[in-house]
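Plus 47 on top of the position in the sequence shown (first one is 1) and you've got the working numbering.
Here the structure comes first, spelled out in structure tokens, and everything after it is commentary.
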Amino acid sequence: MKVVVSWKPGSNLAKNLTDKIIEELKSRGIKYCIFPRCSPCEADGLIVIGGDGTLLYTLSSAYCETPPILTIRAGRRAFLLDTDPSEVKEALDRFLAGEYWAERHRRLRVNDYYAVNEVAILTKGRRVTKVDIKTEDTWVYKGLEGDGVIVSTTLGSTAYALSAGGPLVDPRAEVILLVPVNPIHLNVRSVVFPPSLKLYVSVEYPKDEVLVLIDGVRELHEEEMEISLDGPSVIFARMKPRKFYEKLIELRSLLPQGTMD
Numbered sequence: 048m049k050v051v052v053s054w055k056p057g058s059n060l061a062k063n064l065t066d067k068i069i070e071e072l073k074s075r076g077i078k079y080c081i082f083p084r085c086s087p088c089e090a091d092g093l094i095v096i097g098g099d100g101t102l103l104y105t106l107s108s109a110y111c112e113t114p115p116i117l118t119i120r121a122g123r124r125a126f127l128l129d130t131d132p133s134e135v136k137e138a139l140d141r142f143l144a145g146e147y148w149a150e151r152h153r154r155l156r157v158n159d160y161y162a163v164n165e166v167a168i169l170t171k172g173r174r175v176t177k178v179d180i181k182t183e184d185t186w187v188y189k190g191l192e193g194d195g196v197i198v199s200t201t202l203g204s205t206a207y208a209l210s211a212g213g214p215l216v217d218p219r220a221e222v223i224l225l226v227p228v229n230p231i232h233l234n235v236r237s238v239v240f241p242p243s244l245k246l247y248v249s250v251e252y253p254k255d256e257v258l259v260l261i262d263g264v265r266e267l268h269e270e271e272m273e274i275s276l277d278g279p280s281v282i283f284a285r286m287k288p289r290k291f292y293e294k295l296i297e298l299r300s301l302l303p304q305g306t307m308d
């Protein structure tokens with residue numbers, strides 16, 4: 048067995064936890080490699096210690112169905128991670144023994160790239176964006192003007208898409224979300240699509256100032272995008288069944304008082 052370990056740089060907590068995990072792997076004779084020296088695609092297991100940003104950055108280099116991922120919370124925002132530092136020893140034992148719930152999520156395919164949460168098509172400057180969005184057989188929005196659009200997975204509905212006014216989606220409903228960002232026209236709304244559908248997004252302007260962000264960690268320079276929910280899956284190794292509505296209570300605790308009431 049080979050395990051890739053990725054931890055949040057600059058975090059003393061993440062570094063201390065990583066050192067303990069590596070010592071445990073050594074004591075068991077398990078091969079390990081520190082990301083990014085090794086890709087998650089080269090491993091039988093992946094351990095991520097940090098927050099959501101650490102996880103998304105690590106997965107941005109995984110052009111494959113991931114191995115099972117043990118996630119350990121050591122970051123300021125860790126909605127996608129579920130193991131507390133005090134539970135690391137037990138979680139590692141179960142992870143190495145294969146005693147966990149496998150939680151599988153398909154990624155968005157954006158041309159030749161993959162997104163766990165979302166792809167955001169925005170403008171770098173002060174000008175509004177104008178984009179065309181259609182499916183294989185019909186227009187969704189033509190000449191949509193505003194600050195941009197977000198195309199999100201169900202998993203990403205609690206991330207950037209939520210901040211832009213998109214809906215919260217129960218993870219049991221696998222869908223594609225289209226969320227306009229500050230649209231000029233008041234009748235523009237978010238749209239929920241079935242997972243089998245393909246979206247085609249074309250930037251009319253400003254072509255020279257468009258910013259395409261994959262999960263907030265990878266910047267692309269694309270004017271034409273084909274987006275579908277057929278990217279390789281990410282597989283989380285959960286130590287207990289993940290209860291979405293309990294996680295929402297946790298999310299509410301991170302928001303200003305009065306928000307979402």
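For each residue, glycine too, the CB sits at the ideal point set by N, CA and C.
Given the structure is predicted, the values throughout are model-derived calculations rather than measurements.
Every beta strand (DSSP E) stretch that sits fully inside the region 143 to 179 and reaches 3 residues is listed by chain position as 148 to 157, 160 to 162 and 165 to 170. Taken in chain order, the complete alpha helix (DSSP H) segments of 4 or more residues contained in the region 196 to 232 are 207 to 210. Contact annotation: Trp-54 and Gly-97 have beta-carbon atoms nearer than 8 angstroms. Counting along the chain, no beta strand (DSSP E) covers Ser-133, and no H or E run does either.
Judged by beta-carbon spacing, Tyr-207 lies within the 8 angstroms limit of Glu-165, meaning their Cβ atoms are closer than that value. Boundaries for Leu-127: no alpha helix (DSSP H) harbours it, and the DSSP string shows neither H nor E there. Three or more Cβ pairs closer than 8 angstroms define a contact, and the region 178 to 186 meets that threshold against the region 246 to 264. For Arg-285, the beta-bridge partners assigned by DSSP are Trp-148.
Phe-240 is bridged by DSSP to Ile-223.
From the listed residues Leu-295, Ile-282, Met-286 and Ser-243, the smallest Cα separation to Glu-150 is found for Ile-282.
DSSP places Glu-71 in the helix class (H, G or I) of the three-state scheme.
Under the DSSP assignment, Gly-190 falls in the beta strand (DSSP E) whose first and last residues are 186 to 193.
DSSP lists Lys-78 as the beta-bridge partner residues of Lys-49. By the CB criterion at 8 angstroms, Val-198 and Leu-169 fall outside the cutoff.
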